[in-house]
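Chains as they are written, first to last, in my numbering: chain X, 1 to 290; chain L, 291 to 596; chain Y, 597 to 959. Glycine included, every Cβ here is placed at the ideal spot set by N, Cα and C.
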Amino acid sequence: MSVAHRTLSTRAANWLLLALLAVYIVYNLGPIFWLVISSMKSRMDLFSMPPKIFFTPDWGGYQSVFGVGVGANSAAAIGVFDSLLNSVLIATVGTAAAVVLGTLAGYVTSRYDFRGKNDFMFFVLSTRMLPPVAVLVFYHIMYAELGLTDTRIGLILIAVFINVGLATWIMKGFFDGVPREVEQIALINGYSRLYAFRKLVLPMVGGGIAATAGFCFIFSWNEFAFASILSTTQAKTLPVKISAASGATGIEWTQICAAGVVLIIPVLIFFYLIRKHLLMGMTFGVLGRR
Amino acid sequence: MAAISTSTAPAARRKPATNRLLIFGFLSPTLALLLFMVAFPIFSLINYSFYNFSVLRAASGRKWAGFGNYEYLLTDIDLWNRFVFTGKFVLITVALQFLVGIFVALRLEKNFRGRDVLFTLLMMPMMLSPIVVGFLWRYMFNSEWGVVNYLVSVAGFDKLDWLGQTNNALAAVVIADTWMWTPFIILLATAAFRGIPRTIYEAAEVDGAGAAFRFFRLTLPLAAPVLFIALLLRLIDSFKQYDLFFALTGGGPGSSTETVSFALAKTAFSYFYTGEASALAVVLLLIITGLSLILVRHLTRLSARY
Amino acid sequence: MAEIALRNLSVEFGAFRAVDDVDLTVADGEFVVYLGPSGCGKTTTLRCIAGLEHATGGDILFDGRRVNGLSASERNIAMVFQFVSLYPHLTVKNNILFPLQARGVARAEMARKLDWVVGVFGIGDILGRYPASLPPGARQKVALARAVIRDPAVLLLDEPLSAIDEQFREEMRWELGHLQRELGVTTIYVTHDQREAMSLADRIVLMRDGRIVQVADPDGLFIDPVDVFAGHFIGSPSMNFIELAPVAGGLRLADGPVVLTPADGVPAWAIESRRPLKLGIRPSFVHLAEADGPGAHAIPIEDLFAVGRERFFTFRLGGAIHQGVEAIGRAPAGAARGVRFDPKGFLFFDAESGRRVKPEAAA
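In C-alpha cells form, the structure reads like this:
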C-alpha cells in the first residue's frame, strides 16, 4: 500500500471514477430490481405512469408459472417441479462433465506441444460457433435415430457439447498461468506427473475451475433451443416448461418476469455454493510460460 | 563486474510413452464427444446446403441445387445488409462490454467492505435467461410506459421511440446485450488482474511509474492473453445472438434489426427453407471461423512471448 | 546520494507494533545492514523508507527533508526485492530501461545509461532474454542494474540474495560490496543472515521485535555485544553462555566442579559482583589443552570433529553442551586433554536481564 501524495487532481479523479462505478452499479442492478418488482405487479400496475415502486403485490405471474390459482391444474404444477429437477440434473451433470473434460484438455494443451495441437484447439472452439437454429433440425433427426429424444442423457450430452469448448479454452488460460517449475520440482523429487497434477497444479487453478463451472452452469441452465426441440415430456427442462405454461394471449409480462426470477434462483444458489472458490485464488498467474 | 553464466539448460523436449498416454487420455474424451456430437449435424448441414429441401415437405424429397442456394444468398442485397448490421452490432457491443468490464474490474481491485458480495451481485445479469432479458428490456424500453423513457423525461429530455426506429432499436439491443454480458468480462478480467503479483506494481512505483503508465505498460500486457480469450468468446457468442433480438425487437422495425442469425432462424423455422438455411449457416460459419482464425493466431503470438 | 534519518519511527498494523520507536541516521554513501530474525521489523522499516509502507508515527528524513508524505515514486529511491520483481513480459533490456521510460528520459540519454550499466554488470549478452529464462543470480543482477541505472539517492535491498544458490551467493556478495563502493550510493540492506551482514556492512543495525538492539560496525558487534541476544546472534558458531555462581575466590561454572579464578583471567569485579552473572565466550576463545597444562580445566570432552580447516570440539558443563574451536595442529595428540578458556574472550552478562555488564556498572 503506497503512501499516495494527495493532490487536488488525484482526489477529483478518484471521485469521478467512483461516480462512474456507481453509475455502472445502478445500470447493472437497476433492471434486476425492476425485474423483481415487475414480477409482482398486477396488470394495471405494470403499465402505470409514472412507474410504481410501491404497490400491493399481485402474485398472478408466479401463479401461472407454477400452474396454480385460476384454472389450477395440479398436473401442471407437478410438471413444473419435475422439469425443475430435470434442469438441475442436466445442468449439474453437464457442468461437471464439461468442466472435467475441459480441465483435462486444457491442462494437456497448456503443458505439451504436439502435432495438431492448434488444430485441436481451434476445432474445440469452433463447436461453439454453431448457431443452434441452424442445426436444430439435424439434431432432431440424429437424436430420433439414436433414441436419445426426450431423454435426460440426451440433454446432458447437449449441455456438455455446448460448453466443453469454452471450458477447455478458459482452463488452458488458467493453466498457462501456473509456472512449469511446480511440476518440475515434483518430478525431480520422484513424483509422477499425475500426482503433481492432482495435488499441486489443480488446487492452484481452483478459482479457474469455479469460474468455468459458473459459466457452464449458466449456459446449460438457460439453454432453450435444443431443450425444446429435443424433449417432449420426460426430459423437459424448466425454461421450456415455463414458456409452455405461458398463454398464447399476447405477451404476459408478469409471467415472464416471474419466470425470470424463478429461473435465476438456482443459478444464484449455485454461485453462492462456489463463491469461496470463485473469489479466492482466482488468478491467471502471469509468471508461467506459454 | 564479471559476467556470470546466464543460461539455463532448456528442458529437453522428450516425449516418453507416459506423456503420450497422458496426452491421449486427457484429450480423447473431449475429442470423441465433440466429434460424436457435431459429425452428423455438420455433415447434414453441408449436405443439405446443396439441396432444395424443406423439412416440412420432407415427403416431396429434395432437388439437387448445387451452389444454387449459395448463389441466391450471396447475391441477396438484403443479406449483405444484414451482415453489415450484424457486424456493427457485434463490434459495438463487444467493444462496450470490454471497456466497461475492464473498468469495473480495475475499480474493484482494491478490497473494501462488501466488495465480494457486490461482485457476486454484479454477476446477475449474466445469469438470466436471454429470452427473459429480451422481454424485460422490451418492457423497460416501451415508449409510453417503459421506465427508461420515464427516467429520460425526468432528466429533462424528450422521450425516445426506442423500438420504432432502427438506430434507436440498435442502441436498445446494444444496451441490453452489454448489460447482460459485461459481467462475463468483469469476471475474467478480475481473474486476470489478480494474477499479477503485487510486487511488480511496487517495483514499478519505485521505478517512478505513474498510474496510467503502470496500467498500459504492465497491467494490460500481462492480462492480454486472458483478455484475448474473453474477446474471442464474446465475439463468437455475439454473432450467434438471437434470443435478444427475437424478444426485444422481433427483427423490427420492419426487418431492419434482423441479424444474420435472425434471418437464419426465419429461413429455417418460418419459411422452412431448410436447404437455404443450411447454406446460410455455412456462410455464417465460414465468416466466424475466418475471423476467429485471425484472432487466435494473434493470441498464440502474444502468449508465446513468455 | 543522501543521508537518511529515522526519528521515533513506528509502524503499527492494528494492535501489532512492527516497528517500535526506531532512531537511526545513515550517513551519505554508507552501507548499512538491518539484521535480525524473521519478524523483527527490518523489512517493514525498509519499506517505510521506500514509501511502500505507511509510518504511523515518527519521521523519515532524506538530507534533512521530511519525506513521510511522498509516495515511493517521488522519493528517488531504488529497490531490489527479495522475490524477483522483474517485469516478465519485457526483455532484460526493457526491464532495465523501464525506470527511465517511466520518467520520460530522452533516447540518447537512455542509450548512454544502458551502455554504462551493461559495462558495470557485464550483462550485454542477455539483453534480449526474458526473465523467466534466466537463473536467479542473473535475475537479481538485472534487478540491480534496473535499480542503479537511475542514479538513485538511496538503494534499498530486501534480502536480495536469499533465493540464490549458496555457491553464487558469495560471489554476488563480493560484487555487491564492490559495486556499492564504486557508486558510493547510500545503501540499506536487509537480511537475516549474519554472515552476509558481517561481510558487507559498514554498520549493522541489529533488530528484534521491532526495536533496535544495537548499532555498530561488524567488529564492534562481534567483540562488544550489548546483550545476550546480540552476542548469540552474531558469530558462527555461536557464543557459549555459561551460568556463573560466585564462590570463594572465583566463579563456579554452571554448578559443576570447575571454578574459574583470577589465575584464569577472571576480573575481580566479576567475582565480587552482587548480581548473578552469565559468562559469554566465543568458541574461538575456548581451546584444548594438555590435561595438566597451565589454565587447563578437567572437563570431559564429548566430541571432536573437523569442518574444513577448523577442528571443533564439544564439552559438557552442567547439562548444556558448549563448543570450542581448535585449529588443526594445535591440539595435543593422544594425551589426556582439558579445556582452557582464553580470558580475552570473557564477556559478562547479567543473568536476569541479559544485558552486558562492564566493570563500571558492576556491584
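Members of the region 635 to 657 of chain Y that neighbour chain L once the beta carbon cut-off is set at 9 Å:
R643, A646, G647 and L648
List the residues of chain L whose Cβ lies closer than 9 Å to the Cβ of W169/X, in chain order.
I519, L522 and L523
Can you tell me the Cα-Cα spacing of T539/L and A462/L, whole angstroms?
9 Å
Residues of its chain near M675/Y, where Cβ-Cβ distance is below 6 Å and the 5 sequence neighbours each way are ignored:
A646 and L752
So L753/Y is in the beta strand (DSSP E); what residue range does that whole segment cover?
V750 to D754
Limits of the unbroken alpha helix (DSSP H) element including E766/Y:
E762 to L779
G356/L: buried (16+ other C-beta within 10 angstroms of its C-beta) or exposed?
exposed
Could you tell me which uninterrupted alpha helix (DSSP H) segments, each at least 4 residues in length, are contained entirely in the region 851 to 899 of chain Y, listed from first to last along the chain?
864 to 868
DSSP three-state assignment for R290/X, whether helix, strand or coil
Legend: pLDDT at R290/X = 26, less than 50; position of this residue unreliable, value from coordinates given subsequently. Coil.
Strand pairing of H918/Y, partner residues [DSSP]
F911/Y
From the beta carbon of E492/L, is the nearest beta carbon of chain Y less than 9 Å away?
yes
When we look at the beta-carbon of E145/X and count the other beta-carbons within 10 Å, is it buried (16 or more) or exposed?
exposed
Beta bridge counterpart(s) of A601/Y as assigned by DSSP
T621/Y and L657/Y
Does A248/X have its Cβ less than 9 Å from a Cβ in chain L?
At A248/X the pLDDT is 48, less than 50, meaning the model places this residue with poor confidence and gives no usable figure here.
Applying the criterion that 16 or more other CB atoms from any shown protein chain within 10 Å of the CB defines a buried residue, is E252/X buried or exposed?
buried
Pop quiz: V65/X and I242/X are said to be a contact at Cβ under 8 Å. What is the actual Cβ separation, rounded to whole angstroms?
6 Å
For a cutoff of 9 Å on Cβ pairs, would you count L17/X as touching chain L?
yes
Given a limit of 7 Å on CB to CB distance, which residues of the region 670 to 694 of chain Y reach chain L?
I673, A674, M675, F677, F679, S681, Y683, P684, H685 and F694
Using DSSP with H/G/I as helix, E/B as strand and the rest coil, what is S126/X?
helix
Enclosing beta strand (DSSP E) for P821/Y [first to last residue]:
No beta strand (DSSP E) holds P821/Y; DSSP gives it neither H nor E.
Pop quiz: F562/L and S344/L are said to be a contact at Cβ under 8 Å. What is the actual Cβ separation, rounded to whole angstroms?
5 Å
Closer than 9 Å to chain L by CB, R699/Y:
yes
Given a limit of 8 Å on CB to CB distance, which residues of the region 549 to 560 of chain L reach chain X?
S551, L554, A555, A558 and F559
Suppose you measure from the CA of I170/X to the CA of Q919/Y; what does that come to, to the nearest Å?
60 Å
8 Å contact criterion, which L238/X and H140/X should meet: CB distance rounded
That pair is no contact at about 21 Å.
Do you know offhand how far G700/Y's Cα is from S220/X's?
51 Å
Can you tell me whether DSSP reads F316/L as helix, strand or coil?
helix
Strictly below 9 Å CB to CB, what residues from chain L border C216/X?
What C216/X touches in chain L: nothing, since even the nearest Cβ is about 12 Å away.
Between which residues of its own chain and R372/L is the CB-CB distance below 6 Å, once the five residues before and five after are set aside?
E548, V550 and A553
Does DSSP put P842/Y in a helix, a strand or coil?
strand
What distance in whole Å lies between the Cβ atoms of P879/Y and V921/Y, which are believed to be in contact at a cut-off of 8 Å?
5 Å
Distance check for T127/X and V444/L, CA to CA, integer angstroms please.
47 Å
Between the region 248 to 273 of chain X and chain L, which residues of the former have CB atoms less than 8 Å from a CB of the latter, in chain order?
I251, W253, I256, C257, A259, G260, L263, I264, V267, L268, F271 and Y272
Write down the C-beta distance between L900/Y and V935/Y rounded to the nearest angstrom, noting that I regard them as a contact closer than 8 Å.
At roughly 12 Å, the Cβ-Cβ gap does not stay under 8 Å, so L900/Y and V935/Y are not in contact.
Using C-beta distances below 8 Å, list every residue in its chain close to Y491/L, excluding the 5 sequence neighbours before and after it, in chain order.
R504 and L508
Report the three-state DSSP secondary structure of A614/Y (helix, strand or coil).
strand
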